[in-house]
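Residue numbers (this note's numbering), protein chains in the order written: chain L, 1087 to 1404; chain S, 1087 to 1404.
The following block contains the structure:
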């Protein structure tokens, strides 16, 4: 039996390259902007070229699922090429914000077979050398459940995620973006602010810094361009969360100045962290079987969204 | 040769108990408020009782170095007993804020032989069961260099720190408190705010949370009472740092709203985190030999403070 190369990956960096390695060279082919990245992938046995047009023509001919795995600033260029050379392929992406990608696909008439995705996995490193076939194992892969989603494409994207060892959560692009502003983008902003505060204390402060400073500033080690490419496209959701956070911190500041206590913030923050720990424990214990959903059946998108709102994994059946 | 029990530890919790275990039962004796903690220490072979008066009388008789290792809220009670039963012993502490402890010692006429200390080590756990004889190995132990410091006591406190495997940094209590507001207390406040923001996103957000949220909220898992006991006594320094941080975050918020960029904060935060990484690397590589200082020699306190401001380890000689 010959395995069909049914997945076309555009961008062989950390996420795209890891996806190719997770699925193997028999199922994947792709494109990379830089010749160095394409050569590294080729040397590892993968069919990766720097010819975007040829790659998209092959995808169209083979009806491959096209995975856009470039950083957001490169999205427009890549989607223009998709619209020109493979306008009717099944299309997904692995970019960390979903609303702007959906809008970009719609603007080019590509929405009918587009289903956004976001694997919640990564490292501070980038490029083919950082790829890892097990990067997605046990990770959560968000598969979007927007209005008018094509059931067949959703099923293919979900199958892709499952084949990497990920678990699937589903939500609208809007709800995804609001959630990641909270659990990822705000964390980037606070880590930068904490690092800056520490360094302002000079060599004494940095010499006294221990584990809590190291962990609290870890994501500030990420390259600034990458942090901005992750956070800035989610501006509206991040602004809302930043305003809430500034209000929380301002209230704590006032309570400390006026009454000598950080009370409410500390109690609520601890309670919140416990909720996170419980969610992780439930997940590790495998409590809550995945909800099985039949793509295309009556109310399937509502089922997906309700499961996502409850933090429950889903699986396509039927 | 008989080893003299020259260290009296008041409070056999995580820090005090680990100190006893690092030095061994031959060199230490102590007191613990709760009978359960005293019994656990006794079962492990340490002379720990619940009789504070008797413990302090023994310390006075043996000229032991008394180490106050109780949480700050219990400090007044313990120092009252020291002033009553052992007013002339050599005295130090391991509490995470130094100015308020120095003030409390001064108010009781205990300042002549008091030298504050702060080992930068800990875990989210507490009590004898969490103790670890290697807790301080490689950690930084701040030994205060305040005006009118008694050289003999400073030397004994420094020797205690070195005997646990720690490295010594020195600074005034005021400079210590300003530094830890930056690299510890602000981190607690931001971790609570990040946890709260995540939980506000409900089960979807918590299910999408990955490594950066886990690390960024780690210290929010610490018991709220402990977080408050660590941060609130350092109110003035923490307020100053919180105000700087609120200004940084407010500027980033404005830049994002008006120009769609987090630029300056991300660049500066990344630069700051690199400065921290470099400081850690220098330390791990052993660059910068400890500065040898002769306690009591002309200008010795200024030497200690200058080394501390440069993040440089010190060692007593002579």
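Just so you know, even glycine gets a beta-carbon here, dropped at the ideal spot from N, CA and C.
Please read all numbers here as calculations on a predicted model, not as lab measurements.
For residue i and residue j, what's the separation of their Cα atoms in angstroms?
| i | j | result |
| --- | --- | --- |
| residue 1288 of chain S | residue 1096 of chain L | 33 angstroms |
| residue 1147 of chain L | residue 1299 of chain L | 52 angstroms |
| residue 1358 of chain L | residue 1305 of chain S | 12 angstroms |
| residue 1338 of chain S | residue 1360 of chain L | 29 angstroms |
| residue 1293 of chain L | residue 1226 of chain S | 8 angstroms |
| residue 1088 of chain S | residue 1109 of chain S | Annotation note: pLDDT 49 at residue 1088 of chain S (below 50); position unreliable, no value reported. |
| residue 1174 of chain S | residue 1141 of chain S | 14 angstroms |
| residue 1163 of chain S | residue 1243 of chain S | 22 angstroms |
| residue 1318 of chain L | residue 1340 of chain S | 13 angstroms |
| residue 1323 of chain S | residue 1267 of chain S | 6 angstroms |
| residue 1179 of chain L | residue 1348 of chain S | 24 angstroms |
| residue 1368 of chain S | residue 1309 of chain S | 33 angstroms |
| residue 1282 of chain S | residue 1139 of chain S | 45 angstroms |
| residue 1215 of chain L | residue 1382 of chain S | 56 angstroms |
| residue 1125 of chain S | residue 1356 of chain L | 31 angstroms |
| residue 1145 of chain S | residue 1332 of chain L | 50 angstroms |
| residue 1107 of chain S | residue 1091 of chain S | 13 angstroms |
| residue 1105 of chain L | residue 1250 of chain L | 7 angstroms |
Is the Cβ-Cβ distance between residue i and residue j less than 8 angstroms?
| i | j | result |
| --- | --- | --- |
| residue 1259 of chain S | residue 1346 of chain S | no |
| residue 1257 of chain L | residue 1290 of chain L | no |
| residue 1211 of chain L | residue 1312 of chain L | no |
| residue 1155 of chain L | residue 1102 of chain L | yes |
| residue 1276 of chain S | residue 1280 of chain L | yes |
| residue 1342 of chain S | residue 1321 of chain L | yes |
| residue 1200 of chain L | residue 1221 of chain L | no |
| residue 1302 of chain L | residue 1245 of chain S | no |
| residue 1172 of chain L | residue 1152 of chain L | yes |
| residue 1327 of chain L | residue 1272 of chain L | yes |
| residue 1127 of chain S | residue 1098 of chain S | yes |
| residue 1252 of chain S | residue 1205 of chain S | yes |
Hey, is residue i's beta-carbon within less than 8 angstroms of any beta-carbon in chain S?
| i | result |
| --- | --- |
| residue 1175 of chain L | no |
| residue 1104 of chain L | no |
| residue 1088 of chain L | Any reading at residue 1088 of chain L must be qualified, since the residue scores a pLDDT of 49, below 50, and its modelled position is unreliable; the value itself is stated next. Not an interface residue. |
| residue 1389 of chain L | no |
| residue 1298 of chain L | yes |
| residue 1261 of chain L | yes |
Taking only beta-carbon atoms, is residue i less than 8 angstroms away from chain L?
| i | result |
| --- | --- |
| residue 1229 of chain S | no |
| residue 1244 of chain S | no |
| residue 1270 of chain S | yes |
| residue 1377 of chain S | no |
| residue 1093 of chain S | no |
| residue 1301 of chain S | yes |
| residue 1356 of chain S | yes |
| residue 1295 of chain S | yes |
| residue 1167 of chain S | no |
| residue 1284 of chain S | yes |
| residue 1226 of chain S | yes |
| residue 1344 of chain S | no |
| residue 1186 of chain S | no |
| residue 1287 of chain S | yes |
| residue 1327 of chain S | yes |
| residue 1315 of chain S | no |
Skipping 5 residues on each side, what residues in its chain have a beta carbon closer than 6 angstroms to that of residue i?
| i | result |
| --- | --- |
| residue 1393 of chain S | 1377, 1400 |
| residue 1158 of chain S | 1181, 1315, 1319 |
| residue 1384 of chain S | none |
| residue 1119 of chain S | none |
Excluding the 5 residues preceding and the 5 following residue i in the sequence, name in chain order all residues of the same chain whose CB lies nearer than 8 angstroms to its CB.
| i | result |
| --- | --- |
| residue 1365 of chain S | 1397 |
| residue 1265 of chain S | 1257 |
| residue 1395 of chain L | 1257, 1261 |
Starting from residue i, trace the alpha helix (DSSP H) in both directions and tell me its first and last residue.
| i | result |
| --- | --- |
| residue 1297 of chain S | 1297 to 1302 |
| residue 1203 of chain S | Run containing residue 1203 of chain S: none in the alpha helix (DSSP H); it sits in the beta strand (DSSP E), 1203 to 1205. |
| residue 1352 of chain S | 1349 to 1370 |
| residue 1188 of chain S | 1185 to 1193 |
| residue 1221 of chain S | No alpha helix (DSSP H) contains residue 1221 of chain S, which DSSP labels as neither H nor E. |
| residue 1337 of chain L | 1321 to 1345 |
| residue 1150 of chain S | Where residue 1150 of chain S is concerned, there is no enclosing alpha helix (DSSP H), given that its DSSP letter is neither H nor E. |
The beta strand (DSSP E) with residue i in it runs from where to where?
| i | result |
| --- | --- |
| residue 1256 of chain L | 1253 to 1257 |
| residue 1402 of chain S | 1400 to 1402 |
| residue 1096 of chain L | 1093 to 1096 |
| residue 1179 of chain L | 1176 to 1179 |
| residue 1168 of chain L | Note, residue 1168 of chain L: premise wrong, no beta strand (DSSP E); alpha helix (DSSP H) at 1161 to 1171. |
Excluding the 5 residues flanking residue i on each side, which residues of the same chain have their C-beta closer than 7 angstroms to its C-beta?
| i | result |
| --- | --- |
| residue 1235 of chain L | 1201, 1387 |
| residue 1232 of chain S | 1188, 1258, 1259 |
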